[in-house]
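Beneath this line is the structure, given in C-alpha cells, with notes to follow.
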Amino acid sequence: MKKLIEKLIKEKLINPVLHSTAPVKEVSLGVAVGVFLGLTPTVGVQMYLVALIWSIYRYIFCRHFNLPVGVAMVWISNPLTMVPLYYLFLLTGYWLLETQNGLSYELFSEYLIHISATEGTWKMIVAGARFLLIDLGWPMIIGSIVYAVPGFIISYFMTKQIVTSHRKSKASLAGISYDDWRTQQETQH
Numbered sequence: 000m001k002k003l004i005e006k007l008i009k010e011k012l013i014n015p016v017l018h019s020t021a022p023v024k025e026v027s028l029g030v031a032v033g034v035f036l037g038l039t040p041t042v043g044v045q046m047y048l049v050a051l052i053w054s055i056y057r058y059i060f061c062r063h064f065n066l067p068v069g070v071a072m073v074w075i076s077n078p079l080t081m082v083p084l085y086y087l088f089l090l091t092g093y094w095l096l097e098t099q100n101g102l103s104y105e106l107f108s109e110y111l112i113h114i115s116a117t118e119g120t121w122k123m124i125v126a127g128a129r130f131l132l133i134d135l136g137w138p139m140i141i142g143s144i145v146y147a148v149p150g151f152i153i154s155y156f157m158t159k160q161i162v163t164s165h166r167k168s169k170a171s172l173a174g175i176s177y178d179d180w181r182t183q184q185e186t187q188h
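Read in order, the letters of the sequence shown are residues 0 to 188 in numbering that gives the first Met the number 0.
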C-alpha cells in the first residue's frame, strides 16, 4: 500500500512539476494556486476553480500559470485526505472564532461519507457544498483559509527553488549552462 501511495504521489504530483517545460514562475504559480484550492473545502469543484482562475488570470490580467500543474496539485485533498483535512479546518475555525465544536470526528466523517454516496455528481457537489459551506459555515471557511494562504506562499517559493535546482542539474548533466538550457526549453515550449 505504501509503495502504491508513493507511486501515485510521484506520478500525479511530483512528475507534472518536474517535467513541465513552462517557465519556473508559471510552474510555481500553478502549484501555489492548486495547493491553495486543495486546502479549501471545495472538493468536487477544485479543478474547475483552477481553470476559472487560470482563465481570469490569463484573459483579464494577461498573465500565465501552468494549468495542468495547478489541476494536479488540488489532489492534495482527495478521498483519503479529505475527512482529516476538513475536520482540521473546522476545528481551527472553531478555535479562532472561539465557538464550540459540537461535531465529533466520527459524525463529521459519517456526514461526508453519506454525501459522497449521493447519486449524481452535481447532487453530490451541491450536498457537499451545503454541508461544508452553509451548515458548518464560517468556522470551516476561516479554518481553511488559515492553511490555504500559507500553503500558497510556501508552495510557490519551495517549487521555485526545487524546479530551478532540478533544471540546473539537468543543464549540468547536458554539459551546458543553465541559461542555454533554459533557452533551448523555451524554444520547445
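A virtual CB, placed ideally from N, CA and C, is assigned to each residue, including glycine.
Could you tell me which of 23, 95, 83 sits nearest to residue 185, measuring between CA atoms?
For the purposes of this step, residue 185 is taken as residue 186 along the sequence shown, with counting starting at 1. The candidate whose alpha carbon is nearest that of residue 185 is 23.
Should residue 241 and residue 32 be called a contact, given that it needs their Cβ atoms to be closer than 8 Å?
The first residue shown for the chain is 0 and the last is 188, placing residue 241 beyond what the model contains.
What separation, rounded to the nearest whole angstrom, lies between the Cα atoms of residue 140 and residue 183?
As a position in the sequence shown, residue 140 is number 141, starting the count at 1. As a position in the sequence shown, residue 183 is number 184, starting the count at 1. When rounded, the distance between both Cα atoms is 44 Å.
When the distance is taken between beta carbons, is residue 75 closer than 8 Å to residue 34?
Here residue 34 refers to the residue found at position 35 when the sequence shown is read from its first residue. Here residue 75 refers to the residue found at position 76 when the sequence shown is read from its first residue. Going by C-beta atoms, residue 34 is nearer than 8 Å to residue 75.
Residue 125 to residue 142, Cα distance in whole Å?
As a working note, residue 125 is residue 126 in the sequence shown. As a working note, residue 142 is residue 143 in the sequence shown. Between residue 125 and residue 142, the C-alpha separation is close to 21 Å.
Does residue 209 come out as helix, strand or coil in the three-state DSSP assignment?
This structure leaves residue 209 out entirely; the chain is present only between 0 and 188.
Whose CA, out of 101, 158, 180, lies closest to the CA of residue 27?
Here residue 27 corresponds to residue number 28 of the sequence shown, with the count starting at 1. Cα-wise, what sits closest to residue 27 is 158.
Does the Cβ-Cβ distance between residue 73 and residue 49 come in under 8 Å?
Numbered from its first residue, the sequence shown carries residue 73 at position 74. Numbered from its first residue, the sequence shown carries residue 49 at position 50. It is a contact, given that the beta carbons lie within the stated cut-off.
Since residue 100 and residue 90 should fall inside the 8 Å C-beta cutoff, what is the C-beta to C-beta distance between them, to a whole number of angstroms?
Looking up residue 100 in the sequence shown gives position 101. Looking up residue 90 in the sequence shown gives position 91. 6 Å between Cβ atoms; contact.
Which listed residue (96, 127, 118) has its alpha carbon closest to that of residue 108:
The residue labelled residue 108 in the question sits at position 109 within the sequence shown. For residue 108, the nearest C-alpha among the options comes from 127.
Does the pairing of the stretch 7-26 with the stretch 161-172 give three or more beta-carbon distances under 8 Å?
yes
Coil, strand or helix - residue 18 by DSSP
Position 19 of the sequence shown, counted from the start, is the residue given in the question as residue 18. Correct three-state label for residue 18: coil.
Pop quiz: residue 98 and residue 138 are said to be a contact at Cβ under 8 Å. What is the actual Cβ separation, rounded to whole angstroms?
As a working mapping, residue 98 is identified with position 99 in the sequence shown. As a working mapping, residue 138 is identified with position 139 in the sequence shown. Indeed they touch by this definition, with Cβ atoms about 6 Å apart.
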